[in-house]
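Going down the list, the protein sequences come from chains G and A.
Here the first sequence stands for residues 1 to 491, numbered as in my numbering.
Here the second sequence stands for residues 1 to 65, numbered as in my numbering.
Here a beta-carbon is modelled for each residue, glycine too, at the ideal position from N, C-alpha and C.
Before any comments, here is the structure.
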Amino acid sequence: MNSFYVYLAVIIYVLLGFYIAYKSRQGMKQGVIEYFLDNRSTGGLVSALSYSATTYSAFMMIGLAGFTYSGGVGALGFELIYLAGLSLVAFFGPRFWLVGKKYGYVTPYEMLGDRFENKWVAIFSAISACIFLIPYLSVQLMGIGYLMNGLSGGEIPFLVGVLIAALLAISWAIIAGMRSVTWTDSLQSLIMIVVSVVILFYIVYNQLGGFLAFFKSLETEHANFLSVPGPGFFNFQAFLGLTLPWFFFSISNPQVSQRLFIPNSLKAMKTMIKGFLIFGLVYTLVSVLWGFGAKILIPGLEQADLATPALLGSVHVPVILGLIAMIGITAAAISTVDSIMLTLSSLIVRDLMQSREEYSDKKQLKIGKIVIFIIAVIGIIFASQQLDLIATLSVASSVGLMVVVPTIFGAFFWKRATAVGSLTSVILGSFTALYLQFSNIKPLGFWPGVWTLIISLISFIVISLFTEPPRKKAEEFMGYLNKELEDKNIL
Amino acid sequence: MDKKQLKKKRIYWVLWLVALILSAYFVPFVLLRNVNQIEASFLFWTIFAILAIISTIKITSYWSE
C-alpha cells in the first residue's frame, strides 16, 4: 500500500481529533478536579463511549485477533470473561462514586490511603501501577508501530508510527485533561466500532460467502479451533492465568477505576455501564471473528500478531478499507494511551508526591503536565525495544495491577482490614508478579496471575488479623456508605 | 428496599454471578471439550456474556438517586 494514503488518512483523523480536543476546552475552569476528573460532571453517553475506548485498545483487533488465529475459540471465552468482570462495577462503581464525592478523592489510591489512614498505601499502590502500566502503554504504541509499518509495506518505519501515536496521546491528554480525553475518546470509540463492524461484514460477505459459509469453513478446515484446549494454546492453566487478572481489570486498572469518579449522577453511571457492556460484546465478537476470518483467508502465518496487519494489507481487503481499519485500530490504541498517561500523571501528583496539602492547584497541574511528557518518553523507549507477542505483555501488566484487588475489597467490605495488611499485600504481590513474569516459572503449571492473587490475598488477610485497623475511620467510611447504599437501593 | 431485603438481594445476585462465571470455565473445558462445532463453546460463551450483561444491568436498575 502506498504510504502517501496512509499519511493522508492519519492527517484527517488527527485534525478531527484536535478540533474536538480544543472544542472541549471551552468553558473549562482551572483546578485539579476539573483537569483530572472533568469536575465529576461527565454525562452518561460520553462516560460510556470513553470508558469503552479506554478499556479496549489495539490489543483487541491485533492481540485478540492474533490469539484467535493461533489458539481458536478460547480467545472468545477469555475476553468475554473479562466483560463479565464488569459485574464488579455494579457493586464497586457506586461505592467509588459516593466516597469520591464525599471525601474529594481524585485517584483510587488516594481513596485507599485515606481509608486506611496511611499515605504509604497510596504511595506503594501508585508505584506498583507505574511499574505495570508503563509496559501496557508501550504495548499500545508498539501496536501502532507494527500496523503502520505493515500496512505501508515497510515504508513507514516502526518508530515513526510509535512517535505519531505518542504525540497524539500527549496532546489530547494535555489540552483539557479528562475532558479532552473523554471527548476525543468518544469520537474514537465510534470510529473503532463502526470501522470494525463494516470491515468484518465486508470480509464475511465478499470473501467468505456469508456467516453460514464462514462458520461451515471453520468447522471443516479448522475444526479444532472451535473447542478448548483446541490447537493447544488455551489449556486450562493458560486460560485461567489469562482470565483471572482480566476479570478484575475494571477495579484493578486505575485508568478505568478512576472513571468511576467522573459521572455526574448515578443515572449517568448506569448509562456508562450499559453502553460499555453492549459496546464490549459487539467489539469482542468482531475481533474474534476477524481472527477466524484471517485464519481461513491467510493461514500459515508464523507470527499470530501479524494476522490483522497481514489481512488488511492483503488482496482480500481494498486499499481504502485497509486504511480505515488502520485508523480504527490507531484510535483504539491512542484512546487507551492518553487515558493511562493522564491517570499516571494524577497518581504521581496526588499519591506519590502527596501534593494535596503542600501545593496549590496551579502547581499540581503544572507538575502533572510535565509528568505526562516524562511518562511518554519512557513509554517510547520501552516500545522501541520491540518485544515479542503484544498480548502476553499486555496481560503481564494486568497481573501486576491485580495486587490492589484485595485492598479494594477490604476497603469497602472488611472493617478489620489494616494498612500494614494492604502494604504487605501490594508489595509481596508485586514482587511475585515481577519474579514469576521475568523468570517464566509456572509453579504446578499455574500462571503468574494465579499465584499473584493467592499471595496478595493471603498476606492481606493474615497480616490484617495481626495488626491494628483504623477502627474510627472504618466505622465512619463504611457507616456513611451503608446509609447511602440503603437510601439509594445499591446492592 | 429495607436493609434486610437489600442484603438478601445482594447475596442472591453474588451467588448467581459466581455460578455463572464458574460455568464459563466448567462448561467449555469439561462438557464441551473437543466438541468442534460453532454451536458448542462459541455459542455457549456468547450466551454466557449476554446473561452476565443482563444481570449487571438488572442490578443497576435497582439504583435510585
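Under the 10 Å beta carbon count, A/L22 is surrounded by fewer than 16 other beta carbons and is classified as exposed. A check of alpha carbon separations from G/L137 across G/Q385, G/V89 and G/I375 identifies G/I375 as the nearest.
Along the stretch 133–204 of chain G, the alpha helix (DSSP H) occurs as fully enclosed runs of 4 or more residues at 158–174, listed in sequence order. For the stretch 266–277 of chain G, residues whose beta-carbon sits nearer than 8 angstroms to a beta-carbon of chain A comprise L266, K267, M269, K270, I273, K274 and L277. Taking 9 angstroms as the upper bound on Cβ-Cβ separation, chain A lies near residues N482, L485, E486, D487, K488, N489 and I490 of the stretch 477–490 of chain G. About 17 angstroms separates the Cβ atoms of G/G150 and G/G300, ruling out a contact at the 8 angstroms cut-off. A/R10 places its beta carbon less than 8 angstroms from that of G/L491.
In terms of CA proximity to G/I327, G/M148 leads the group G/M148, G/S47 and G/T54. In the DSSP assignment, no residue is bridged to G/P443. With its beta carbon less than 8 angstroms from one in chain A, G/A84 belongs to the interface. Contact annotation for G/G77 against chain A: A24, P28, S41 and W45 [CB-CB distance below 7 angstroms, chain order].
G/I193 has a beta carbon lying at 8 angstroms or more from every beta carbon in chain A.
Residue environment: G/T220 is assigned as exposed (fewer than 16 neighbouring CB atoms within 10 Å of its CB, all protein chains considered). Per DSSP, G/Y69 is one residue of the alpha helix (DSSP H) stretching across A65 to G71.
Contact of A/A49 with chain G by beta-carbon distance below 8 angstroms involves L80, L83, A84, L281 and T284. In the structure shown, the three-state DSSP call for G/T107 is coil. Inside the stretch 12–57 of chain G, DSSP marks whole alpha helix (DSSP H) runs of 4 or more residues at positions 32–37 and 44–55, from first to last along the chain. DSSP places G/P406 in the helix class (H, G or I) of the three-state scheme.
The contact set of A/A19 on chain G, defined by CB atoms closer than 8 angstroms, is empty, because the minimum CB distance reaches about 12 angstroms.
Annotation: the stretch 219–284 of chain G contains no complete segment of the beta strand (DSSP E) (minimum length 3 residues).
The Cβ neighbour count for G/K362, taken over all protein chains shown within 10 Å, is under 16; the residue is labelled exposed.
At a Cβ-Cβ threshold of 8 angstroms, A/F42 and G/L187 do not count as neighbours. A distance below 8 angstroms separates the beta carbons of G/S398 and G/P245.
Contact of G/V46 with chain A by beta-carbon distance below 9 angstroms is absent, the smallest such distance being about 18 angstroms. According to the DSSP assignment, A/Y62 belongs to no alpha helix (DSSP H), since it is labelled neither H nor E.
For G/V197, no CB of chain A lies under 8 angstroms from its own CB, so it is not counted at the interface with that chain. For chain A, none of the residues of the stretch 402–430 of chain G brings a beta carbon within less than 8 angstroms of one of its beta carbons.
Non-local beta-carbon contacts of G/A122 in its own chain, meaning distances under 7 angstroms to residues more than five positions away in sequence, involve Y109, E110, L112, G113 and D351 in chain order. Listed along chain G is no residue with a C-beta nearer than 8 angstroms to that of A/L15; the closest approach is about 12 angstroms. Annotation: the continuous alpha helix (DSSP H) that includes G/P309 extends over A307 to L312. Residues of chain A with a Cβ closer than 9 angstroms to the Cβ of G/N264 do not exist; the shortest Cβ-Cβ separation is about 11 angstroms. Note that the stretch 95–110 of chain G touches the stretch 32–49 of chain G; at least 3 beta-carbon pairs, one per stretch, sit closer than 8 angstroms. In the pairwise beta carbon analysis, the stretch 168–180 of chain G is classified as touching the stretch 19–33 of chain G: at least three pairs are separated by under 8 angstroms. In this structure, the beta-carbon distance from G/I203 to G/H316 falls below 8 angstroms.
Here G/A268 has T42, G43, G44 and S47 as same chain residues with Cβ atoms under 8 angstroms from its own Cβ, once five neighbours each way along the sequence are excluded. A Cβ of chain G is located within less than 8 angstroms of the beta carbon of A/L32.
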